[in-house]
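So the protein sequences, as listed, match chains A and B.
In this note's numbering, each residue carries its 1-based index in the first sequence increased by 78.
In this note's numbering, each residue carries its 1-based index in the second sequence increased by 872.
Glycine included, each C-beta is placed from N, C-alpha and C at the ideal position.
Since the structure is predicted, the reported quantities are computational estimates derived from the model, not experimental observations.
Accompanying notes for the structure given below.
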Amino acid sequence: MSYPQTLEKLVESLCRFPGIGPKTAQRLAFFLLARPREEVVSIARAMVEAKDKLFFCSNCGCLTEIEPCALCRDSRRDRGLICVVQEPRDVLVLERTGQYHGLYHVLHGALSPLDGLGPEELRLPHLFSRIKENNVREVIIATNPNVEGDATAAFIARLVKPLGVTVTRIAFGLPVGGDLEYADDLTLSRALEGRREM
Amino acid sequence: MTERSFKTDALVLLSRPLGEADRLVTFLSWDRGKFTAVARGARKTMSKLAAGVELFTYGHYQFYRGRNLATLTGQQVKEHFHYFRDHPELYPLGLYLAELAGSVVSGEGPAPEICNLLLEGWRRLIEQPDPQLFLRAFELKLLDFSGHCPHLNGCLQCGSAAASFFSPRQGGLLCGDCGHAADRFTVQPGTVALARRLLKAPLQQVKQIRPQGGQSHELGRLTGTFLRYHLDIGESRALSLLKLFK
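Here it is as structure tokens:
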């Protein structure tokens, strides 16, 4: 038996979400149908509102509703410190730690020739102009610890160091709660390199 | 390939994010050629698969083959080529070697020579005083192993030793009398000798070879046009990034 056309359209639309297959989409569709109309309207409205109101801050590249974003406007934040991350969601993750009080710069990706991502696509020229104009004293590179992220970090470091700015990379090591025996050689060797005195 | 689970030594040619936390990984294996597998949860920090599915990795892998793609179930890294992470100018070159090796292996048949060549290429790239010459040596050897080696010993039509033209479409050298191919271009005897030397020498000896002025550039034209014609390899995306690193 085929579903009514409206239901099929809903399932198809939900299938477009990442990680959602036809089965999950079907389950979500039936969940929505079982909820009161007001609740479904509020979910749909939240999606449209987010799409309409959110954009990337022209200064740091974070998601924001106001230009410049709250992080860039906050006068309590250390303006001599810029943390470079790959994606806007990485900002939220770092903010959750409550340990960092500087500014951010979102690249929106990492150097990846096969995906056509070069320095121009990564907002790197904008990073360099921010460093030059704002007396930045340290750039913390927090790109992902994979080949693309590390190559991007090395590339940024090479261009930023001549500007007289300290360039640091977030530490590598073992995840909290992990067993040593399952750690790979590269992670272990980097953890040993980055050991600290107790 | 009937068994559902299998083990193999392989090189990681490509690794892309998939879904929320997975990776889609293209492997080049000694006994099973080129294939793609899913590494579930490989982007999570606690994943036991994460280290083995990074680009520029050589390891021993275990897979389970379901109805569609194979799924990676275990890995043991044998060699990580860390230096690509710290030398951004070598990163596109390493990618280019992977791109080339992947382009000559199409199915899941054994590819021991191509695997050995790529592994050796990744090992030796860091030592090269002239990485471009190393790429040319790699390209020539790859063409040789894949059965597309250009004819570099005299005119391919009459056998004359005085062959001073190269035609990618004809597949090698031509003398002035035989070759009237539209795509032919002049090559110096020194460039041909260099190409022959690079074909014979093992990759670890390439760093000792010193080309003379202009030979390296001419050889680049020779291999580039030949690769484009015979293997349908267009402008490499990896090499296009190299220009930006300079």
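Asked                                                                                                                                                                     : Found
Could you round the C-beta distance between residue 209 (chain A) and residue 243 (chain A) to whole angstroms and report it? I think they count as a contact, below 8 Å. : 6 Å
Run the CB neighbour count on residue 929 (chain B), radius 10 Å, all protein chains shown included, and call it buried at 16 or more, exposed below.                     : buried
Can you tell me which of the three DSSP states residue 936 (chain B) falls into?                                                                                          : strand
Is residue 177 (chain A) close to the ligand ADP? I mean its beta-carbon at under 7 Å from any heavy atom of the ligand.                                                  : Of the ligands one can find in the structure shown there are none, so the ligand ADP has no counterpart to examine.
Determine the extent of the beta strand (DSSP E) in which residue 98 (chain A) is found, giving its start and end residues.                                               : Taken as a continuous stretch (DSSP letters only), residue 98 (chain A) belongs to no beta strand (DSSP E), as it is neither H nor E.
Roughly how many angstroms lie between the CA atoms of residue 169 (chain A) and residue 222 (chain A), to the nearest whole one?                                         : 13 Å
For residue 132 (chain A), does the three-state DSSP call read helix, strand or coil?                                                                                     : coil
Does the count of Cβ pairs from the stretch 1068-1087 of chain B and the stretch 1014-1033 of chain B closer than 8 Å reach three?                                        : yes
List, in order along the chain, the chain E residues whose C-beta lies closer than 8 Å to that of residue 236 (chain A)?                                                  : Within the model displayed, chain E is absent; protein chains A and B are what it includes.
Looking at residue 894 (chain B): is its Cβ nearer than 8 Å to the Cβ of residue 915 (chain B)?                                                                           : yes
Contact criterion: CB-CB distance below 8 Å. Does residue 917 (chain B) meet it with respect to chain A?                                                                  : yes
Given this structure, state the Cα-to-Cα distance separating residue 236 (chain A) from residue 126 (chain A), to the nearest angstrom.                                   : 42 Å
Judging by CA-CA distance, which residue of B:925, B:913, B:878, B:920 is the nearest neighbour of residue 886 (chain B)?                                                 : B:925
Which value, in whole angstroms, describes the spacing of the CA atoms of residue 958 (chain B) and residue 228 (chain A)?                                                : 7 Å
Kindly indicate if chain B contains any beta-carbon less than 8 Å away from that of residue 229 (chain A).                                                                : yes
Could you pull the start and end residues of the beta strand (DSSP E) that residue 247 (chain A) belongs to?                                                              : 244-247
May I ask you to report which of helix, strand or coil DSSP gives residue 139 (chain A)?                                                                                  : coil
List, in chain order, every chain A residue whose beta-carbon is nearer than 8 Å to that of residue 954 (chain B).                                                        : 264
Decide if residue 873 (chain B) is buried, meaning its Cβ has at least 16 other Cβ atoms within 10 Å, or exposed.                                                         : Low confidence applies to residue 873 (chain B): its pLDDT is 49, below 50, so where it sits in the model is not reliable enough to give any reading.
Check residue 1028 (chain B) in the structure and name its three-state DSSP category.                                                                                     : coil
Considering only their Cβ atoms, is the gap separating residue 1029 (chain B) from residue 1050 (chain B) smaller than 8 Å?                                               : yes
For residue 931 (chain B), does the count of other Cβ atoms within 10 angstroms reach 16, so buried, or fall short, so exposed?                                           : buried
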